[in-house]
Every structure is written in C-alpha cells, then in structure tokens.
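> This structure is in structure tokens; I'll ask about it shortly.
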Amino acid sequence: MTRQKIEIKKIDNITARQVTFSKRRRGLFKKAHELSTLCDAQIALVVFSSTGKLFDYSSSSMQEIIERHNLQSQNQEKLPSQRPHLQLEGEKKSCTLLSKELEEKTTQLRQIKGEELEKLNLEELKLLEKLLQTSLRRVIETKDERVLKEINYLKKKADQLQEENDKLKQMSSRNEIQRNVVEQGQSSESTATGICNSPDLPEEHDFSLKLGLPFPN
C-alpha cells in the first residue's frame, strides 16, 4: 500500500500544526546531527515557532559558528571590491615581465647584427660567435636544399619539354611522308592521263593500251 502524499501548505488547524511542527523539528535536528557526524560538517540551526518560541541546534559552539558565518559574509562583501585591484596588479606584473623580455630580445637581435657588442664579455662574445656560426650553417644548408630542389625541378621540366619536342618531330615527319606520298600519287595520275589523252597516238594504239594488248607490228 503506497503512502499518501501530503500537500505542502499551511495547516489551518492549530493543534495539528503544533504536532506537525514538533515532529518535523525533531526530524530536522536529527538529520542535521547525522549530516554533521557523517561528513564532519559544522551545522547550526535556529528555528522560531509560530508562537515565537526559539529552538536551536549546533554541532559545536553556536557562537563560534555564528561568528564564522559573519566573517565569511564580510569577506564575500569585500571580495568584489578587491578583485579589480588584484586584477590590475596582475596585469601590471605581466606587462613588466613582457617589457623586460622584449628589451632582452631586442638587445640580442642588435648583438646578432653586430651592434652593442661592447656590453659583452669574452665568454658572451664566444657564445655569440658560436650562435652565429650555427645559424650561418643552417642558412647555408637550407639554401643548398632549395637550390638542389630547383635544379631537379628544372631538369624534370627540361626532360618533359624534350619529350614533347620529340613527339612533335615524329608527328611532323609522318605528316611530311604522307604529303610526299599524296604528291607522288597525284603526279603519276597526271602523267597517265596525259599519255592517254595525247592526239599523236592512233586509235588502235590507244585501244591496245587500255586492254593491255601488245602493239601491232
């Protein structure tokens, strides 16, 4: 059998209200005690009944818990006013560090360019020399790699152009051969036609040529 759900609203009957208040208050204090014991929490409860009677519970000293609560509230009120100041201090510190780093990097760049070397001692000059030698070696290696890549690219491009040129020459040669064959064929036809149409030859001679018969004696 399910338990009937109680509607949460003010109890009109005074007697029933006082009985419910007494039961719920004891249950609330019991739960607070269990929470304090299980979780090692500091808990303070203050309850006033409808008649103005005070009931309280504290896991330790009520006064200490109230003072701690008041101190925490004061700190929370001061915290928003302190945040801009702390944020400004942090930004100033970051700006100072960045400015110092920028100045150091600028000085190093000038020294690499050969400027402001009088501020360096012998060991620092040796380190700068070693750094420049290493940098120069890397620059030369990078340059050689780029040059080699460019040479290989140009060779490959030249091979492609040569291959295309050879193909064009072959096509040109084939076209020339075909044109010569056509011209020779046209020349032979013109010669044969001229012989057949010549008026100096007798009719029987022409007839013999057409039939492929020998000339008469």
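Following this note's numbering, the numbering of the sequence shown begins with 147 at its first residue and continues without gaps.
The beta carbon of each residue, even a glycine, is placed where N, CA and C say it ideally should be.
#1: Suppose you measure from the CA of D202 to the CA of Q150; what does that come to, to the nearest Å?
#2: Pick out the complete beta strand (DSSP E) segments inside the segment 187 to 258, 3 residues or longer, and give them in chain order.
#3: So, using beta-carbon positions, are A187 and M208 closer together than 7 Å?
#4: Would you kindly work out how many angstroms separate the C-alpha atoms of Q279 and G236, rounded to a whole number?
#5: Got a sec, what are the start and stop residues for the alpha helix (DSSP H) I160 sits in?
#6: Whose CA, out of Q308, K156, F167 and S206, lies closest to the CA of F194?
#7: With a 10 Å radius around its C-beta and 16 neighbouring C-beta atoms as the bar for buried, classify K356 as buried or exposed.
#8: Can you give me the C-alpha to C-alpha distance between H179 and S205, rounded to a whole angstrom?
#9: What is the rounded straight-line gap between the Cα of K177 and the Cα of R171?
#10: Looking at C-alpha atoms only, which residue of Q164, E249 and N298 is the closest neighbour of G198?
#11: I need the straight-line Cα distance from V192 to E247, nearest angstrom please.
#12: Kindly list the residues whose CB is nearer than 8 Å to the CB of L271, restricted to its own chain and excluding five residues on each side of it in sequence; keep chain order.
#13: Who are the near neighbours of F175 in its chain, counting only those whose CB is closer than 6 Å to its CB and skipping five residues on each side?
#14: By Cβ distance, which residues of its chain are closer than 6 Å to D352, with the 5 residues on each side in sequence left out?
With the given structure in hand:
#1: Approximately 30 Å, taken between the alpha carbons.
#2: Those beta strand (DSSP E) runs which fall completely within the segment 187 to 258 and span 3+ residues are 190 to 194 and 200 to 204.
#3: The answer is no: Cβ separation not under 7 Å.
#4: In this structure, the CA atom of Q279 is about 40 Å from the CA atom of G236.
#5: I160 to C185 is the span of the alpha helix (DSSP H), which, as asked, contains I160.
#6: When only C-alpha atoms are compared, the closest one is F167.
#7: Legend: pLDDT at K356 = 47, less than 50; position of this residue unreliable, value from coordinates given subsequently. Its Cβ having fewer than 16 others within 10 Å, K356 is exposed.
#8: Roughly 7 Å between the two C-alpha positions.
#9: Inter-residue distance for K177 and R171 is about 10 Å (C-alpha atoms, whole angstroms).
#10: In this structure, Q164 is the residue among Q164, E249 and N298 with its C-alpha nearest to the C-alpha of G198.
#11: Roughly 58 Å separates the two Cα atoms.
#12: Counting only Cβ-Cβ distances below 8 Å, and skipping sequence neighbours, we find L263.
#13: Scanning its chain for C-beta atoms nearer than 6 Å, with the 5 sequence neighbours on each side dropped, one finds around F175 the residues Y203, in chain order.
#14: Note that D352 has pLDDT 49, beneath the 50 cutoff, so the model's placement of it is unreliable and the number below is only indicative. None.
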